[in-house]
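In this note's numbering, the protein residues as written are 22 to 97. No residue lacks a Cβ here, since even glycine has one placed at the ideal position from N, Cα and C. See structure below.
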């Protein structure tokens, strides 16, 4: 899961809950993914860091919601 995906999920949930609850993000993207620029020859070392990701295994929670009305949670 990339930083953009985590932020998109946070925005959707925050927009839905408004002030009706509290959210915590329980994961942190700590693995860098490198990428070489387009049309660059092979060799000459590793590319620059392109994005940061976190690996989420089945059964692991990546976000925690508290004090939210059940009707709001059903809409998610």
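Answer yes or no: do residue 44 and residue 86 have a C-beta to C-beta separation smaller than 8 Å?
Walking along the chain shown from the start, residue 44 turns up at place 23. Walking along the chain shown from the start, residue 86 turns up at place 65. Cβ distance < 8 Å, so residue 44 and residue 86 count as in contact.
Sub-8 Å separation of residue 84 and residue 30 beta-carbons:
If you number the chain shown from 1, residue 84 lands on position 63. If you number the chain shown from 1, residue 30 lands on position 9. Yes, these two residues count as a Cβ contact at 8 Å.
Residue 74 versus residue 49: straight-line alpha-carbon distance, rounded
Indexing the chain shown from 1 puts residue 74 at position 53. Indexing the chain shown from 1 puts residue 49 at position 28. Between residue 74 and residue 49, the C-alpha separation is close to 8 Å.
Alpha carbon of residue 51 to alpha carbon of residue 27, nearest angstrom:
Looking up residue 51 in the chain shown gives position 30. Looking up residue 27 in the chain shown gives position 6. Computed Cα separation, rounded: 13 Å.
What are the start and end residues of each continuous beta strand (DSSP E) run of 3 or more residues lying completely inside the region 45-71, in chain order?
52-56
By DSSP, does residue 33 sit in helix, in strand, or in coil?
The count along the chain shown starts at 1 and reaches residue 33 at position 12. Three-state DSSP puts residue 33 in a helix.
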